[in-house]
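Mapped onto the numbering used here, the consecutive letters of the sequence shown carry residue numbers 163 to 689. By construction, the Cβ of each residue, glycine as well, lies at the ideal position given by its N, Cα and C atoms. Heads up, the thing below is written out as structure tokens.
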Amino acid sequence: MDAVVRGAVVTRSYAKWRTASLVGIHVLFIAHFIHWKLKGRTLAPLEFNEVLYTIHQGIVTAGFILMALVMVATLIFGRFFCSWGCHILALQDAAGWLLDKLRVKRQPIRSRTLVWLPLVVMFYLFIWPQILQIWHGTGSPAVHVVEAGTSRWSSFTTDDLWRNLPPPGVALLTFFVCGFLIVYLLGSRGFCFQACPYGALFSIADQLAPGRIVLAKDCTQCGLCTKACSSDILVHRELAVHGMVTNPRCLKDLDCIAACPENAVRFGFRKPPLFRGGHPMGAYRGRYSLSLGEDLFMLGFFIPGMLVYRGLYDAIPFLLAVALSLCTAYLLVVGYRLVRQGTLRMRGLLLKMDHGLRPAGIGFAGALLIVLLFLGHSAYVQYHTQVGRQLFRSVAEGDVDDGSLEGAIRHYEQALSTGLLTTVDREQELASLYLLRGDRSSAQRLLNAIVAEDPDHMEANYRLGDIALDQGDEPTAKAHWHGVLASGSTRASVLTVYRSYVRHWTWARSMSRKVKRTARLRYTSKA
């Protein structure tokens, strides 16, 4: 970017420094991963999701410490971390750069309702659990540090860096949806402003922060700062009205400073927006991308979308479900427009003209139909899965009547037989229900299928050993249980199997010293 200083033209840009910062974050993660693989134990994940374990269980984690430090910095300097340290924003900005290179126009979706969604998600994740604990009279767990060697969820070191991260396939899907698809459909940084609960926390803290983008001298209102802003902020208008940017969406990436030809914009300290008059979002009314009906239509489809996507096949985590529901809801709004409007464009693609579908419109309609079919099928699978789980819990709590038992089996069978993917936990629970009903052959079939997929699966091997022992097949039982011991399972698994040895076999008592030593070693090495 060019800036005029004393008649000379100089080049200023903060983009390369921000790029270096974001690349550095990924390099540090790779180094962290390599250290874990080489040493077997490393620093616990510096991941914001670990904050939930502090909230729900009172365990102080490295992720919680990171969140606390970032919050303190945000209260002083404003919302810097999102644009200089967040890997998801790095993916979104990379996707935006790629779309620009492909000349695909990014258009921010300004909604009356979904703008509040990050705050709702934040409330659900961080505050609602506390309300439930108070309601049930359980109280919040005491905050405590868990030392390494006493728990798998140790506070600051771990032998499982991936302990709170999704499987690689789900991680790649998350990167695609939250880092690319949502940018294409909802505009630059769509996940940050429409879904991210951590961003919502930082936006609240930002309103208390004195660190702002400020007007340093007279402004010509050329609008180049607004054009450079990737957060859809009317920077020139805010500078004219407030003398600084008050919008909590400002991520302090400093592009507006670099874009100013008069060198009139800089970072400085002012009275925080919360203590100033005027509404920081007041200048944005009337710039909505959706009609009121479309806004309500999108919100109406988002809510059931969350019920369908969240936990689908035990694979879709909460924030990915939020992003998928947002994308699906917007696609349905575009589908609604495709039916109602005579001419329609989306991101430069001509979908419909003179009430006739164009090739791109036919392709979009076909893709939307596939999405709707998948959504309907997933809703069917989720219904049977969730009803089955509810009945399973009632059976597990001691309410073992024929209706609950048979109902749980029926719903689980339907979910597993019609699902596109198998879910090991549901298969395991169905096997338990079969055993409770006395149907050992069906239980054995399911457990064998689990072991075929995961030979070291502790619970399935343990159950198969029990079944084999009851059938008088002691060699098979020994093979299943000894295999779990030899697999390097966590201490809890080893101790469970050891107790089974002692309970059932005389020969196990002769091995007790060796088995106890094995269990003790794994007890102290797994945390």
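Do you know offhand how far residue i's Cα is from residue j's?
i: His517; j: Arg499; result: 11 Å
i: Arg588; j: Leu597; result: 14 Å
i: Val283; j: His398; result: 31 Å
i: Asp394; j: Ala529; result: 29 Å
i: Leu513; j: Glu209; result: 41 Å
i: Arg684; j: Ile196; result: Low confidence applies here, because Arg684 scores a pLDDT of 37, under 50, leaving its location unreliable; read the following figure in that light. In a straight line, the C-alpha of Arg684 is about 22 Å away from that of Ile196.
i: Val557; j: Ile238; result: 53 Å
i: Gly299; j: Ile221; result: 20 Å
i: Pro291; j: Ala639; result: 43 Å
i: Ser183; j: Asp415; result: 11 Å
i: Lys199; j: Leu335; result: 24 Å
i: Met406; j: Phe364; result: 18 Å
i: Ser175; j: Leu486; result: 35 Å
i: Asp632; j: His642; result: 14 Å
i: Gln548; j: Leu582; result: 16 Å
i: Thr585; j: Asp564; result: 25 Å
i: Gly301; j: Phe285; result: 18 Å
i: Gly331; j: Phe338; result: 11 Å
i: His539; j: Val403; result: 51 Å
i: Ser594; j: Leu553; result: 13 Å
i: Leu279; j: Asn211; result: 18 Å
i: Val232; j: Tyr624; result: 45 Å
i: Ala622; j: Ile629; result: 11 Å
Under the DSSP definition of a beta bridge, which residues are partnered with residue i?
i: Leu519; result: Lys514
i: His306; result: Ile221
i: Leu205; result: Thr319
i: Met508; result: Leu511
i: Leu276; result: DSSP output for Leu276 lists no bridge partner at all.
Indicate whether residue i and residue j have their beta-carbon atoms separated by less than 8 Å.
i: Cys354; j: Cys244; result: yes
i: Gln369; j: Pro434; result: yes
i: Arg551; j: Ile571; result: no
i: Pro372; j: Phe429; result: no
i: Val308; j: Ser316; result: yes
i: Gly341; j: Ile271; result: no
Over the uninterrupted beta strand (DSSP E) stretch that includes residue i, give me the two end residues.
i: Ile375; result: Gly373 to Leu377
First and last residue of the alpha helix (DSSP H) that includes residue i?
i: Phe242; result: Segment: none, Phe242 is in no alpha helix (DSSP H) and carries neither H nor E.
i: Pro330; result: Pro330 to Phe338
i: Glu591; result: Val586 to Arg599
i: Gln269; result: No alpha helix (DSSP H) holds Gln269; DSSP gives it neither H nor E.
i: Ile629; result: Met620 to Asp632
i: Tyr498; result: Phe480 to Arg502
i: Tyr574; result: Asp564 to Thr580
i: Gly361; result: Pro359 to Asp368
i: Thr388; result: Leu386 to Ala390
i: Tyr176; result: Here Tyr176 belongs to no alpha helix (DSSP H), and DSSP marks it neither H nor E.
i: Asn610; result: Arg602 to Glu615
i: Val295; result: In the sequence under discussion, the amino acid at residue 295 is Gln, which differs from the Val named in the question. Taken as a continuous stretch (DSSP letters only), the alpha helix (DSSP H) holding Gln295 covers Trp290 to Trp297.
i: Cys354; result: Gly352 to Gln356
i: Arg346; result: A small correction: the amino acid at residue 346 is Tyr; Arg does not occupy that position in the sequence shown. Here the alpha helix (DSSP H) through Tyr346 covers Ile344 to Leu348.
Please report whether the beta-carbon of residue i lies at a distance below 8 Å from any beta-carbon of chain D.
i: Gly373; result: This model lacks chain D altogether, as it is built from one protein chain only.
So within the region 403–466, which uninterrupted beta strand (DSSP E) runs reach at least 3 residues, ignoring any that extend past its ends? 427–431
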